[in-house]
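Below is one structure, written out as structure tokens, with a few remarks after it.
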Amino acid sequence: MTRHKLYACLVGALLLSSSLPAIAADLPSETAAERDARMEWWRDARFGMFIHWGLYAIPAGEWQGKPIGGIGEWIMDRANIPVDEYEPLAGQFNPTEFDAAQWVRIAKDAGMKYMVITSKHHDGFCLFDTAATEWDVVDASPYGKDLLIQLSRECRKQGLKFCTYYSIMDWHHPAQYRGSDQRYNPTKMHADRKTEYMAFMKQQLKELLDTCDPEVLWFDGEWPSWYTEEDGREIYAFLRKHKPELIINNRVGKGRRGMEGLNKGDQEYVGDFGTPEQQIPATGLSGVDWESCMTMNHTWGFKKNDHDWKSTETLVRNLIDIASKGGNYLLNVGPTAEGLIPGPSVERLAGMGEWMKANGESIYGTTASPFAKTPWGRCTQKTLPGGNTRLYLHVFQWPADEKLTVPLKNKPTAAKLLACGTELGFAATDGNITVSLPAEAPCKIATVVALDIQGEPEVN
Ligand code: H79
């Protein structure tokens, strides 16, 4: 082989390996059992708190005296605020009412098992002390303390998993620029600055791992076209190398199918779970990990004029609906600039906590319903010792004839009201199990009947 040919050959091999297999090889390998072990706490948890907090809580949906439509944390985009006009907000950010112990207590009392907070949203402002930029709460704000370290410590103390949100799109970083003023415009990347920005992200993500040790990295803002699936794989591999047990959502790459959030089916995509946003999938999904993130009113970041709150009943029923389809519920709060979770959110979370205290067994560690549809409500299930099954029947519509019909061929062995333990009568006829109910629903939000059956459910 001539020198020239050898060179061409080497170049060819390098090009090939860098464009295809080498990238795949970068992802950590993992058996199905190892993956199950890594995902176990998250699958069992079912219910977490999302926190959108940042400078946008100061204008709180108003700019120069005018109400700005859309979600509050997008005000920089919605009101077309240039970076140098947005920056002074940092000098006003002084959340003296912030109390990490209280936030974690509110989440814990609601029955939530984890917390996901914005470390950096699209406006680029960081709630942690980063050496990669001065655009953070420690360097640019009078408050001057790392907020995430406080919350991560408190989560550990009170037994919640601490997790962080991170936006890839960054309206503040000079490597990116806003392409147009159309709604939800994606940023563009200065051609020669992408390497620099990738290094910036990695530096910040490493800082987060080192200082707060989050259990989930929840990416967002992955849609600008300069960011690719390969970039996602690089970030994913980087993070799992530094923390092998870390869980990372599918927005680290380009797999998500719009707001529906589950992966497009055309190829393999990086990421551990799907992310439906402001919606709940119509049916259960088997073999897919997913989490619906939703707001209580119409915004993620605090807006002073959004008072249109979902009822506690709706929120509890959303949690049940999601659990019955095998997913997690990541329910958002948007604290004020002073550092308080809004009263209406606190009240609803307390109400959810009351329901969860009596009925949490029907949510945590359960799997999806065996039924496609049940006219009276929703169902979750758990395997009992000996291969038997406990079904949790969440009754939304109380049957007028006081009979709950469950289309199962199995032999029933016990039935009770979960919250109070009252035993209920049951019968098996024509491939159906019928449970006798009291005349009135004991819980208007959702009464849970625990029904034990022999074996695995055999649906009629
Ligand atoms: O952080 C909260 C919001 O600020 C952020 N995600 C939640 C968790 C967000 N919500 N809505 N949007 C961002 C708007 C983005 C919408 C779109 Fe798209 C981006 C439409 C087109 C590009 C998502 C990605 C839907 C299709 C692709």
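Heads up, the final residue of the sequence shown is numbered 1599 in our numbering, and it's a clean run with no missing numbers.
Ideal Cβ placement from N, Cα and C applies to all residues, glycine included.
Between the segment 1276 to 1284 and the segment 1356 to 1367, do three or more beta carbon pairs fall short of 8 Å?
no
Is there contact here, the segment 1533 to 1545 with the segment 1224 to 1236, by at least three beta-carbon pairs under 8 Å?
no
Using C-beta distances below 6 Å, list every residue in its chain close to residue 1448, excluding the 5 sequence neighbours before and after it, in chain order.
The residue labelled residue 1448 in the question sits at position 309 within the sequence shown. Same-chain partners within the cutoff: 1435, 1436 and 1483.
So which of 1580, 1323, 1356 and 1431 has the shortest CA-CA distance to residue 1213?
Taking the first residue of the sequence shown as position 1, residue 1213 is located at position 74. Of the listed residues, the one whose Cα sits closest to residue 1213 is 1323.
What separation, rounded to the nearest whole angstrom, lies between the Cα atoms of residue 1206 and residue 1344?
Taking the sequence shown and counting its residues from 1, one reaches residue 1206 at position 67. Taking the sequence shown and counting its residues from 1, one reaches residue 1344 at position 205. Each residue's alpha carbon lies about 35 Å from the other.
Determine, using beta carbons only, whether residue 1488 comes closer than 8 Å to chain C.
No chain C is present in this structure, which holds just one protein chain.
Pull up the CB-CB distance for residue 1389 and residue 1184, whole angstroms please, since I reckon it's below 8 Å.
On the sequence shown, position 250 is the one that residue 1389 refers to. On the sequence shown, position 45 is the one that residue 1184 refers to. Contact doesn't hold; Cβ gap of about 18 Å is too wide.
Enumerated in chain order, which unbroken segments of the alpha helix (DSSP H) with a length of 4 residues or greater are wholly contained in the segment 1474 to 1533?
1482 to 1498
Which first and last residues belong to the alpha helix (DSSP H) in which residue 1242 is found?
In the sequence shown, the residue the question calls residue 1242 occupies position 103. Residue 1242 -> alpha helix (DSSP H) spans 1239 to 1249.
Quick check: residue 1250 and residue 1443, are their CB atoms within less than 8 Å of each other?
Against the sequence shown, residue 1250 aligns to sequence position 111. Against the sequence shown, residue 1443 aligns to sequence position 304. Contact: no.
Can you give me the C-alpha to C-alpha distance between residue 1593 and residue 1572, rounded to a whole angstrom?
The residue you call residue 1593 lines up with position 454 of the sequence shown. The residue you call residue 1572 lines up with position 433 of the sequence shown. Whole-angstrom Cα-Cα distance: 12 Å.
Would you check if the distance between the CB atom of residue 1440 and the CB atom of residue 1473 is smaller than 8 Å?
In the sequence shown, counting from the first residue as 1, residue 1440 sits at position 301. In the sequence shown, counting from the first residue as 1, residue 1473 sits at position 334. Yes, they are a contact pair.
Within 7 Å: the Cβ of residue 1416 and any heavy atom of the ligand H79?
If you number the sequence shown from 1, residue 1416 lands on position 277. Yes; taking the cut-off as 7 Å, the Cβ of residue 1416 has a heavy atom of the ligand H79 nearer than that.
Just to check my reading of the structure: residue 1557 and residue 1501 have Cβ atoms closer than 8 Å, yes? What is that Cβ distance to the nearest angstrom?
As a working mapping, residue 1557 is identified with position 418 in the sequence shown. As a working mapping, residue 1501 is identified with position 362 in the sequence shown. Indeed, because the Cβ distance is near 6 Å, the residues count as touching under 8 Å.
In three-state terms, what does DSSP make of residue 1433?
Reading the sequence shown from its first residue, position 294 is the one you call residue 1433. Residue state, collapsed to three classes: strand.
Give a yes or no on whether the C-beta atoms belonging to residue 1547 and residue 1554 are separated by under 8 Å.
Position 408 of the sequence shown, counting from 1, holds the residue named residue 1547. Position 415 of the sequence shown, counting from 1, holds the residue named residue 1554. Not closer than 8 Å, so no.
In whole angstroms, what separates the C-alpha of residue 1576 from that of residue 1587?
If you number the sequence shown from 1, residue 1576 lands on position 437. If you number the sequence shown from 1, residue 1587 lands on position 448. Each residue's Cα considered, the two are about 11 Å apart.
Thinking C-alpha only, which one of 1478, 1367 and 1506 is nearest residue 1425?
Walking along the sequence shown from the start, residue 1425 turns up at place 286. Residue 1425 has its Cα closest to that of 1506, out of 1478, 1367 and 1506.
Excluding the 5 residues preceding and the 5 following residue 1316 in the sequence, name in chain order all residues of the same chain whose CB lies nearer than 6 Å to its CB.
Stepping through the sequence shown from its first residue, residue 1316 is reached at position 177. Excluding positions up to five away in sequence, the list reads 1327.
Return the first residue and the last residue of the beta strand (DSSP E) that residue 1571 is part of.
Translated into the one-based positions of the sequence shown, residue 1571 becomes position 432. Its beta strand (DSSP E) spans residues 1571 to 1575.
Can you round the beta-carbon distance between residue 1535 and residue 1456 to whole angstroms, since I take them to be within the 8 Å contact cut?
Translated into the one-based positions of the sequence shown, residue 1535 becomes position 396. Translated into the one-based positions of the sequence shown, residue 1456 becomes position 317. Indeed, because the Cβ distance is near 6 Å, the residues count as touching under 8 Å.
To the nearest angstrom, how far is the alpha carbon of residue 1337 from that of residue 1406?
The sequence position of residue 1337 within the sequence shown is 198, counting from 1. The sequence position of residue 1406 within the sequence shown is 267, counting from 1. Cα-Cα distance, rounded: 24 Å.
Going by other Cβ atoms of all chains shown within 10 Å of its Cβ, with 16 needed for buried, is residue 1445 buried or exposed?
Here residue 1445 refers to the residue found at position 306 of the sequence shown. Buried, since its Cβ has 16 or more Cβ neighbours within 10 Å.
Rounded to the nearest angstrom, how far is the Cβ of residue 1601 from that of residue 1243, given a contact under 8 Å?
Given a span of 1140 to 1599 for the chain in the structure shown, any question on residue 1601 remains unanswerable.
Using 7 Å as the cut-off, classify the Cβ of residue 1188 as near or not near the heavy atoms of the ligand H79, replying yes or no.
Counting from 1 along the sequence shown, the entry for residue 1188 is found at position 49. Checking every heavy atom of the ligand H79 against the Cβ of residue 1188, none is found closer than 7 Å.
I'd like the span of the alpha helix (DSSP H) that includes residue 1342, first residue to last.
As a first step, residue 1342 is located in the sequence shown; it is residue number 203 there, counting from the start. Element bounds for residue 1342: 1333 to 1351.
Is any heavy atom of the ligand H79 found at a distance shorter than 7 Å from the C-beta of residue 1083?
Nothing can be reported for residue 1083: it is not among the residues displayed for the chain, which extend from 1140 to 1599.
Spatial neighbours of residue 1318 within its chain, please: C-beta separation below 7 Å, excluding the five flanking residues on both sides.
The residue you call residue 1318 lines up with position 179 of the sequence shown. So the list reads 1324, 1325, 1326 and 1327, once near-sequence residues are dropped.
Cβ-heavy atom distance, residue 1359 to the ligand H79, below 7 Å
For this step, residue 1359 is matched to residue 220 along the sequence shown. Checking the Cβ of residue 1359 against the ligand H79 gives yes.
Check each candidate in 1567, 1590, 1462 and 1566 and name the one with the smallest Cα separation from residue 1139.
Look at the range of the chain in this structure, 1140 to 1599, and you will see that residue 1139 is not part of it.
By Cβ distance below 6 Å, which residues in the same chain neighbour residue 1329 in space, the five residues on each side in sequence not counted?
As a working note, residue 1329 is residue 190 in the sequence shown. Cβ neighbours of residue 1329 beyond the five flanking positions: 1314.
Using C-beta distances below 8 Å, list every residue in its chain close to residue 1396, excluding the 5 sequence neighbours before and after it, in chain order.
Counting from 1 along the sequence shown, the entry for residue 1396 is found at position 257. Closer than 8 Å at Cβ, skipping near neighbours: 1402 and 1403.
Does any heavy atom of the ligand H79 sit closer than 7 Å to the C-beta of residue 1432?
Here residue 1432 is taken as the residue at index 293 of the sequence shown, counted from 1. Flag set: Cβ of residue 1432 near the ligand H79.
Does residue 1285 pass the burial test, meaning 16 or more other C-beta atoms within 10 Å, or should it be called exposed?
Within the sequence shown, residue 1285 is the residue found at index 146, counting from 1. With 16 or more Cβ atoms within 10 Å of its Cβ, residue 1285 is classed as buried.
Between residue 1311 and the ligand H79, is the CB less than 7 Å from at least one heavy atom?
The count along the sequence shown starts at 1 and reaches residue 1311 at position 172. Residue 1311 Cβ: outside cutoff for every heavy atom of the ligand H79.
State the DSSP-derived secondary structure class of residue 1227, mapped to helix, strand or coil.
Within the sequence shown, the letter at position 88 stands for residue 1227. Three-state result, residue 1227: helix.
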